[in-house]
Every structure is written in C-alpha cells, then in structure tokens.
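Here is the structure we will look at, set down as structure tokens.
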Amino acid sequence: MKSKFSLDDMHLFQLVVQYKGINATAAVTGIAPATLSRRLKALEIALGGRLLERSAHHFSLTEMGKSYYSQCSPLLTDLYSIVETLETHQHKLCGRLKITAPISLSQRWLSGCFFDFAKRYPQIHLELVLSNHYENLVEQQFDAAFRVGEPHEPNWIARHVLTTHMGLCASKSYLQQVGDIRHPQDLADKKLIVAEPVSVWDLQHQHSGEVVGLNPQSRFRTNDFHLAIDAIAADLGVGLVPNYYFRAGQKDSRSLQAVLPEWMGQQRPVYLLYRDRQTVSARLRVFIDFVIEWTQAYQIV
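Shown next, in the form of structure tokens:
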C-alpha cells in the first residue's frame, strides 16, 4: 500500500528542521504550533516512522528524519524554484504571444494595433499568424484570436472589440466613366466586384430604413478583400468591402470613392477570443486591455 502524504506537510517538515523547532517555525509561518504538530504527526504516520524527537526542551532528528530530510530537501527546493520560475513567467510582461487574425483586417487596419502594442511592450514578442481560414486554436496553441462574425469556439471567451460595416466603393476614374449612381438598383448594369464570403449584398438606407438585397452578377470574384480592393482601384468596377478601407491614411484611400454612402451594407462584428480569465498571463492580459483601448480610440465609422 502506497503512503499518502502532502507536499505541504513535507515542506513544513523542512521548515521545522531549518528553524530548529516547532515554535520558531510557527513564529515565521503564522501557523499555530498545535497545527504544525498535528501535520508532522500525520506525515510520520504516512511514512511509518518517527522523524523528530521533540519535547518542551529538546528537539532533534531521528536517523529516519535525517535520511528523509537529506533526500527530500533538495527535491522540494527544486520544486519550489520551478514554481517560482513559472509564476514569474506568468506575471512578468515578457515572453511570446501567439495570435491569429484575418489577413485583410490585419493588413488594412489591425496592423496598427499590433505595431503600437509592440512599441509599448518591447519585451513581449508577438507571433502573428494571418489567415482567412479559421485556424485550430487549441492544436496550434494560440493565446488569442480575432474572429469576424459570431464565434463558435467552445470554452473560449469572446470579447467584442468593434463592429465594421460593408460599404460600396469604386475608383474615381470608373465613376467618371459610368456617371451617377443614385440607387442600388442602378448597379444592375454596372461592372461589379464580389469578395466572398459576402456574395449577397444587403443594403439599408441609413435614414429611410429602406432595404435592398442584391445578388450581384460579378465581373470579378475573389475570396480575398485585399485583392478585391486592388481590383476596384484598377477601375474594374464597383465593390462591397469593409469600411475600414476608407479610413484616412489607408492605401488607395485617395483613388477610391464611396458609392451611395448613405446605403450601409452588412454589419460584421469583430471579436477577440482567449481561453480563461482565471489563468490568463500578465502579457496576455495587457494585450487584451490594449486591444480594447486601441479599438475604442480608432473606432471605424
């Protein structure tokens, strides 16, 4: 039958030996002498022998106690050193964070958040995996993930960070060629660019509330918003793209022009996912807080 004992009791035995008595150990640890005596007795019973000779005026180790102390003390020291190292790693603002995010969201807007975070916390190393596919968060050991649309990962906490909208745009050159576009129905005879998965265009007038649904017959279709925006800038037609492409300072913002700006496309919520509130590391905690702060300051309109 295996002996049952706790590491805490082993550690208390180690302390009693180091401080040469129960009363001295009680003064240091704040544990009552009676409790220390009871736990040492439980350890001796579990081991099947006496470890200490103790009385009101005498304290010494038995032969078994000397052997046990000499063997377990280095192990306990190493164990607590490992725990201390792990706790330091969890609570210091250093180490690696592995993050996944959609390509287009990162290239055109979220990259600024990553760059600003890296400048503020230079000891935290970001490893960014950009993908338009949903990566397996557990198998690839991601610390956090950005998701566009409602997330479906069980056991992951989802923090809503912002909501983007889809908007129509075209190059200024193309609009000069085709003339005025006054209503979504005017798009029927225009060259259209579709970026999947948004293959159906649901548009709503911001003031009247009128809703128009279009199944665009595309001249150019792709599964990447980045390529779609390049096609729009190349005068290939009108496209429906996330509105962060129209933020001031973005590439192509001067060559692109909003089409029917009073008509808003589908909303696209963006979430930040992470595993556990209780065991989150300090570096991940500051990343989460930074993302919330940054997205509020640079909210997309």
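Per my numbering, the very first residue in the sequence shown carries number 93; after that it's consecutive. Where is the CB? At the ideal position from N, CA and C, for every residue including glycine.
Under the three-state reduction of DSSP, which class applies to residue 111: helix, strand or coil?
coil
Cut-off 7 Å between Cβ atoms - residues of its own chain near residue 340, not counting five sequence neighbours on either side:
With a pLDDT of 46 at residue 340, under the threshold of 50, the predicted position of this residue should be treated as unreliable, and no value is reported.
Whose C-beta lies closer than 6 Å to the C-beta of residue 136 among residues of the same chain, with five residues either side of it excluded?
142, 143
Where residue 136 sits in the DSSP three-state scheme
Note: residue 136 maps to helix in three-state DSSP.
Alpha carbon of residue 233 to alpha carbon of residue 190, nearest angstrom:
Computed Cα separation, rounded: 8 Å.
Using 8 Å as the cut-off, can you tell me whether the region 235 to 246 makes contact with the region 298 to 317, which would need three or more C-beta pairs spanning the two stretches below that distance?
no
Under DSSP, the alpha helix (DSSP H) around residue 205 begins and ends at which residues?
203 to 212
Report the CB separation of residue 224 from residue 195 in whole angstroms; it is logged as a contact under 8 Å.
5 Å
How many angstroms separate the CA atom of residue 99 from the CA atom of residue 237?
Between residue 99 and residue 237, the C-alpha separation is close to 38 Å.
Go through its chain and collect everything with a Cβ distance to residue 188's Cβ below 7 Å, but skip five positions before and after it.
217, 219
Can you tell which of 359, 202, 288, 376 has the C-alpha that lies nearest to the C-alpha of residue 386?
Per the Cα distances, 202.
Note down, in chain order, each residue of its chain lying with its Cβ closer than 6 Å to the Cβ of residue 255, except the 5 sequence neighbours on either side.
359, 361
Roughly how many angstroms separate the alpha carbons of residue 112 and residue 171, rounded to a whole number?
22 Å
With distance defined between alpha-carbon atoms, name the residue in 330, 167, 296 nearest to residue 80.
In the structure displayed, the chain extends from 93 to 393; residue 80 sits before or after that span and is not available.
Using a Cβ-Cβ cutoff of less than 8 Å, which residues in the same chain neighbour residue 120 once the five nearest sequence positions on both sides are dropped?
Apart from sequence neighbours up to five positions away, the residues of its chain that approach residue 120 with a beta-carbon distance below 8 Å are 107, 111, ordered along the chain.
Would residue 287 be called buried (16 or more neighbouring beta carbons within 10 Å of its own) or exposed?
buried
Does the beta-carbon distance from residue 378 to residue 185 come in below 8 Å?
yes
Cutting at 7 Å between CB atoms, please list the residues of its own chain near residue 266, excluding the five before and the five after it.
327, 329
Buried or exposed: residue 262, going by 16 or more other Cβ atoms within 10 Å of its Cβ?
That one is buried.
Span separating the alpha-carbon of residue 306 from that of residue 197
24 Å
For residue 101 and residue 373, what's the separation of their Cα atoms in angstroms?
29 Å
Which value, in whole angstroms, describes the spacing of the CA atoms of residue 109 and residue 153?
8 Å
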